[in-house]
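In the working numbering, the protein residues as written are 203 to 1099.
Each residue gets a CB set at the ideal place from its N, CA and C atoms; glycine is no exception.
Keep in mind the model is a prediction, meaning the values are calculated, not measured.
Worksheet: one structure, shown below.
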Amino acid sequence: MAAVSTAGPSTSSSSLQRPPHSSSLVLCLLLPTLAAIINALAMGPAEEAAVYLVQVEGEEPVAFHLHKYSAASPAAGCHSGELRNGSGSAVETHVKHLVELHNRLLQSSLEEGAYRKLYSFNHVLNGFAVHTTPSQAERLAAAPGVKLVERDRRAKLMTTHTPAFLGLPAVWAAAQLGGAAGGRRKKLAGEGIVIGVVDTGIDPAHPSFAYDPANPYRPDWNPRFSGACEVGPSFPVGSCNGKIVAARHFAAGAAAAFPLNASRELSPIDEAGHGTHVASIAAGNWGVPVVVDGFKIAVYKALYPEGGTLADVISAIDQAARDGVDVLVLSIGPDEPPRGGIPTLLSMFEISMLFARRAGIVVVQAAGNKGPGEATVLSVSPWVTGVAAGTTDRRFQNTLVLDDGGIKLQGVGLTGMLFFFPHLSIGSLFIMSNFTILDVRKAICDLKAVCFRETKKKRPTFGNGQLQFKLVAARDAIAESERSFHHITPDYAEECQHPDALQPAVAQGAIVICNFSNGFFNRSSTVAAVLRTAGALGFMGFVLVANPAFGDFVAEPLPFSIPGIMIPRVSDVQILLEYYEKHTHRDAEGRAVEYGGRASIGEGRVASFGQRAPAVARYSSRGPDAIDGQMNLADVLKPDVLAPGHQVWAAWSPISADEPILSGKSFALVSGTSMAAPHVAGIAALIRQRRPSWDPSMVASAISTTASKYDNYGLPIMSQGSTQQLHGALLYSSTHFDRGAGLVSASKALDPGLVFPSGFEDYISFLCSLPSIDVKMVKAATGRACRRGSVPVPPPADLNLPSITVSSLKGFQTVRRRVKNVAGVPETYLSAVQPPRGVEVVVHPSSFFVTPQATQDIHINLKVTEALGGFSFGEIVLVGSVDHTVRIPLSILPVSV
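Structure representation (structure tokens):
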């Protein structure tokens, strides 16, 4: 019997409206309805339908059909023509066969009219998604030919200067092939490689995706790729222009789960902005803030402003594999663990990525934005490269100046300020707003109307060339008429979400202090609403401050149409509030009657460079890698690597349905591991172009072993934490569970010296070795049985990864690795060890000579010298005679001697 998870039933009610007819006719009409109601009550409450993901026994999916792929050599499938890109009569015949198989299984197992099939998965998975009730799902799980049934889950987003920060322009120049001297057209860095992006779609009109007319699109440009381009009102014919080579949307799961807004355009157009941002980072045109140039983009829209489901995401992954993408970037992930006791690593989502890698695709995923707590990483599988987010050396900072500059508080906000120029004869006043200098005369009139009606004592003052205005806390400006209304809570008013909540006479002409409180954390409050309130009431500026009851928050430098600043640190807010209370006079009842504090908001649109970087961003999810709800740990390092993810400039969709404050903008400054993952995807694509014979594990290994644990100052990379955790400290020394192997290096990853290859059967062996794993479920999920007999399955730590993680070291353990020389020259390597605390580490052999394409087995003996209550960290460094350096992170929990 297949495993299935179901949800409890929900009740529903209906109402009947009496039509204007005779009572006898009414009775005749109502009798059948009353009978139906009685029957329904007898049967119990109606079930709520949901989406279920189903795996089917028997036939191999297209990518592995006819034995054209070798499981031992995933790269063979990467360039195998028709089968890889889903074309050819044999492939189409097998697709049709699988679809018919799924239809027959549903028809024979479920009641007619009780289900709706949403998708057939047939390229890397043999299965389907179906919308039905829990009881029907249980019937399906018991049907012959069904391996697994899993209830679908929500998917979520893990929401330029960075190319220079990573040293990419030099890599692009080095990667350009050919040229006029050789009589051939110069081949661009990344040309011929397709990066698939599963996200919210793309804006095809953006210049980041314009195609170079000097290199016109050729239909036969890549025989391994066969994508299609869907069209819609905002995604017209021609949107796939050669830079964008495929674009599809997947909405059946979302439409069944939410449902979608009826006005939503079902096409690949990006209505949110996130997908456009991710695609431009990974593969946009050089000269616009992006990472790579010659790459092609295949777009698979699977998330919408209302949300997303894994059914749509898995269907997109399946289609991307069928089209023949080389690299797949997923800046998305599940919103919750799988239900029904299904291990995370055996869920349909994780297995779909395993089979994508088996098909020869490098899969890169955002690590998640749930940091800085430990074991929060969402990219958990060893066959996926999970990417943490780091800062860069660029900062956008703003300053709140109190009084005449005696107190200055740092914050963020892309906004201008109010200047006073005494040498100017007309008005002597400029208002610097959002990227515009407003008309001086209008500014003066506005100020006279709003500010200069006050008494002389309350007029704005001039300090350091900036206008200073009275400082008012929103809590002191709550409208008296609103205090009695239940819908106007103190939090709502203090968050400045509606002008009716505040007194115009108090708020006009002031810089108003608004709280970042509960409404912002539960996403019911927005900065856009603060701007609307400020505009309606005539704020001269606003300060959005951290609420001590909720702690610090992550402040992004958003563009503000009026002067504004966000102060995200509680320690800074306390200084501001102490100043405010000292200069605010209150009556006997505690009400503010006079506001003596003065403040000005500085210029926030000018970037500064050269700061120490990277640091692991506070929100970036951390390891160790927990693989189930019981927090059982896998011996796998997560995240794998670190890449720029904080405040990344990249393309944006002007529709911006999720972020109204960015509506109409073509570029946005956004943070998250969503922004880090496409950086690594772009580097992986460069490697695929330079090293076409490498399988995905070799690409991932090269990125990991060449990453750096040092920042741009040559010091160890630091990590941002919370003030609550660190007793006021903002930074601490990062570990492998924060940064993975370290900051990616594009130039070094192209020439790593050694790689750690692993194939599909290695991942099966890993799954079979996990503690408390159900071997029958492994076979059901993967189609491969766990090995039995006298030869034991190797422990999880023996999976041939470019890192070593042991989550419970008791006494002594030998960990095995195999490296392959990909340098093209023979090389001698010497090993050096920085042992983790409490662990003795011995490498055998300590030195070795390896010829090109040859392999070398390495045994690492680990012995506990001191039992500890937590993980300790170190590394093995293999130093080659031809200037290759291979770093292997060690993360060990020594439990007992």
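Practice item. Excluding the 5 residues preceding and the 5 following K349 in the sequence, name in chain order all residues of the same chain whose CB lies nearer than 7 Å to its CB. Key: Sequence index remark: in the sequence shown, residue 349 carries index 147 (1-based). Same-chain partners within the cutoff: A204, Q257, V258, E259, A982.
Exercise for review: Give the C-beta separation of Y1031 and F1014 to the nearest angstrom, bearing in mind that I take them to be a contact with Cβ-Cβ under 8 Å.
Suggested key: Your numbering for residue 1031 matches position 829 in the sequence shown. Your numbering for residue 1014 matches position 812 in the sequence shown. Not quite, the Cβ-Cβ distance comes to about 25 Å (not below 8 Å), so this is no contact.
Check your understanding: Based on Cα-Cα distance, which residue from V795, V1017, K1022 lies nearest to V1043?
Key -> By one-based count along the sequence shown, residue 1043 stands at place 841. For V1043, the closest C-alpha among the options V795, V1017, K1022 is that of V1017.
Exercise for review: Give a yes or no on whether the C-beta atoms belonging to A909 and V957 are separated by under 7 Å.
Suggested key: Walking along the sequence shown from the start, residue 909 turns up at place 707. Walking along the sequence shown from the start, residue 957 turns up at place 755. Against a cut-off of 7 Å, the Cβ pair of V957 and A909 comes out as no contact.
Point to revise | Separation of Y965 from K1022, as counted between CA atoms | key: Here residue 1022 refers to the residue found at position 820 of the sequence shown. Here residue 965 refers to the residue found at position 763 of the sequence shown. Straight-line Cα distance between these residues: approximately 18 Å.
Point to revise | Check whether F497 and A887 have beta carbons under 7 Å apart | key: To locate residue 497, count along the sequence shown from 1; it is residue 295. To locate residue 887, count along the sequence shown from 1; it is residue 685. In contact: F497 and A887 (Cβ atoms closer than 7 Å).
Review point. Who are the near neighbours of L1080 in its chain, counting only those whose CB is closer than 6 Å to its CB and skipping five residues on each side?
Key: Here the question's residue 1080 lines up with position 878 in the sequence shown. Once the five neighbours on either side are set aside, the close Cβ partners of L1080 are Y1031, S1033, V1088.
Exercise for review: Compare the beta carbon distance of V501 and A449 with 7 Å and say whether it is the shorter of the two.
Suggested key: Taking the first residue of the sequence shown as 1, we reach residue 501 at position 299. Taking the first residue of the sequence shown as 1, we reach residue 449 at position 247. Taking 7 Å as the Cβ cut-off, V501 and A449 qualify as a contacting pair.
Review point. In the DSSP assignment, what residue or residues form a beta bridge with S337?
Key: As a working note, residue 337 is residue 135 in the sequence shown. Note: S337 sits in no beta bridge, so no partner.
Point to revise | Other residues of its chain near S337: CB distance less than 7 Å, five sequence neighbours each side excluded | key: One-based indexing of the sequence shown puts residue 337 at position 135. Here the set comprises E249.
**Study point:** Three-state secondary structure assigned by DSSP to Y781
**Key:** As a first step, residue 781 is located in the sequence shown; it is residue number 579 there, counting from the start. Y781: helix per DSSP, three-state reduction.
Review point. Candidates A558, R466, A454, I397: which alpha carbon is nearest L327's?
Key: Position 125 of the sequence shown holds residue 327. Ranking A558, R466, A454, I397 by Cα distance to L327 puts A558 first.
**Study point:** Given R677 as reference, the closest of F671, G847, A703 once Cα atoms are compared
**Key:** In the sequence shown, residue 677 corresponds to position 475, counting from 1. The residue with the shortest Cα to Cα distance from R677 is A703.
Review point. Can you tell me where the beta strand (DSSP E) with F266 in it begins and where it stops?
Key: Reading the sequence shown from its first residue, position 64 is the one you call residue 266. No beta strand (DSSP E) contains F266, which DSSP labels as neither H nor E.
Check your understanding: Buried or exposed: which applies to S974, given that a residue is buried once 16 or more other Cβ atoms fall within 10 Å of its Cβ?
Key -> Residue 974 sits at position 772 when you count from the first residue of the sequence shown. Taking a 10 Å sphere around the C-beta of S974, we find fewer than 16 other C-beta atoms and assign the residue as exposed.
Exercise for review: For the alpha helix (DSSP H) containing L556, list its first residue and its last residue.
Suggested key: What you label residue 556 is simply residue 354 of the sequence shown in a count that begins at 1. Start and end: 550-560.
Check your understanding: Rounded to the nearest angstrom, how far is the Cβ of G1071 from that of F939, given a contact under 8 Å?
Key -> By 1-based counting over the sequence shown, the position of residue 1071 is 869. By 1-based counting over the sequence shown, the position of residue 939 is 737. No, G1071 and F939 are not in contact; Cβ-Cβ is about 15 Å, not under 8 Å.
**Study point:** Integer-rounded CB distance, given that A331 should sit under 8 Å from L517
**Key:** Within the sequence shown, numbered from 1, the residue matching residue 517 stands at position 315. Within the sequence shown, numbered from 1, the residue matching residue 331 stands at position 129. For the sequence presented, residue 517 should be read as Ser rather than Leu. Contact holds; Cβ gap of about 7 Å.
Check your understanding: In the DSSP assignment, what residue or residues form a beta bridge with M877?
Key -> Taking the first residue of the sequence shown as 1, we reach residue 877 at position 675. M877 is not bridged to any residue.
Check your understanding: For T657, which three-state DSSP category applies?
Key -> Along the sequence shown, read from residue 1 onward, the residue named residue 657 stands at position 455. Here T657 scores only 36 on pLDDT, less than 50, and its place in the model should not be relied on; the value that follows carries that caveat. Coil at T657, not helix or strand.
Review point. Relative to the alpha-carbon of L1064, which residue among L1011, V1084, F1073, S1083 has its alpha-carbon at the smallest distance?
Key: For the purposes of this step, residue 1064 is taken as residue 862 along the sequence shown, with counting starting at 1. L1011 is the residue among L1011, V1084, F1073, S1083 whose C-alpha sits nearest the C-alpha of L1064.
**Study point:** Simplified DSSP assignment, three categories, for H296
**Key:** Taking the sequence shown and counting its residues from 1, the one referred to as residue 296 is at position 94. Here H296 sits in helix by DSSP.
Check your understanding: When burial is assigned at 16 or more other CB atoms within 10 Å of the CB, is E696 buried or exposed?
Key -> In the sequence shown, counting from the first residue as 1, residue 696 sits at position 494. E696 comes out buried.
Exercise for review: Tell me whether K445 sits in a helix, a strand or coil according to DSSP, three-state version.
Suggested key: One-based indexing of the sequence shown puts residue 445 at position 243. Of the three classes helix, strand and coil, the one that applies to K445 here is coil, per DSSP.
Exercise for review: Could you spell out the range, first to last residue, of the beta strand (DSSP E) harbouring P536?
Suggested key: Against the sequence shown, residue 536 aligns to sequence position 334. 534-536 is the span of the beta strand (DSSP E), which, as asked, contains P536.
Review point. Helix or strand or just coil, what does DSSP make of A242?
Key: By 1-based counting over the sequence shown, the position of residue 242 is 40. Residue placement at A242 cannot be trusted, given a pLDDT of 43 that sits under 50; what the coordinates show is reported in the next sentence. It is helical.
Review point. What does a CB cutoff of less than 6 Å around A1101 pick up in its chain, not counting 5 residues either side in sequence?
Key: This structure cannot settle anything about residue 1101, because the visible part of the chain is limited to 203 through 1099.
Review point. Under a three-way DSSP split, which group does A751 fall into?
Key: Within the sequence shown, the letter at position 549 stands for residue 751. In this structure, A751 counts as coil in the three-state DSSP scheme.
Exercise for review: Assign A331 to one of three DSSP states: helix, strand, or coil.
Suggested key: For the purposes of this step, residue 331 is taken as residue 129 along the sequence shown, with counting starting at 1. If DSSP states are grouped into helix, strand and coil, A331 belongs with the strands.
Practice item. Decide yes or no for the touch test of the segment 341-357 against the segment 305-321: beta carbon pairs closer than 8 Å, at least 3 of them. Key: yes
Review point. Which class does T511 belong to by DSSP, given the choice of helix, strand or coil?
Key: Start at 1 with the first residue of the sequence shown, and residue 511 comes out as number 309. Of the three classes helix, strand and coil, the one that applies to T511 here is strand, per DSSP.
Check your understanding: Leaving out five residues before and five after S436 in sequence, what residues of the same chain have Cβ atoms less than 7 Å from its Cβ?
Key -> Position 234 of the sequence shown, counted from the first residue, corresponds to residue 436. Closer than 7 Å at Cβ, skipping near neighbours: E467, S469, I471.
Check your understanding: Does the pairing of the segment 992-1012 with the segment 853-863 give three or more beta-carbon distances under 8 Å?
Key -> no
**Study point:** A1069 versus I1094: straight-line alpha-carbon distance, rounded
**Key:** Residue numbering aside, residue 1069 sits at position 867 when the sequence shown is read from its first letter. Residue numbering aside, residue 1094 sits at position 892 when the sequence shown is read from its first letter. Those two C-alpha atoms are separated by around 11 Å.
Check your understanding: In whole angstroms, what separates the C-alpha of P1096 from that of M920?
Key -> The residue you call residue 1096 lines up with position 894 of the sequence shown. The residue you call residue 920 lines up with position 718 of the sequence shown. About 24 Å.
**Study point:** Beta-bridge pairing of P1096 - partner residues as DSSP gives them
**Key:** By 1-based counting over the sequence shown, the position of residue 1096 is 894. Looking at the DSSP assignment, P1096 forms a beta bridge with L1011.
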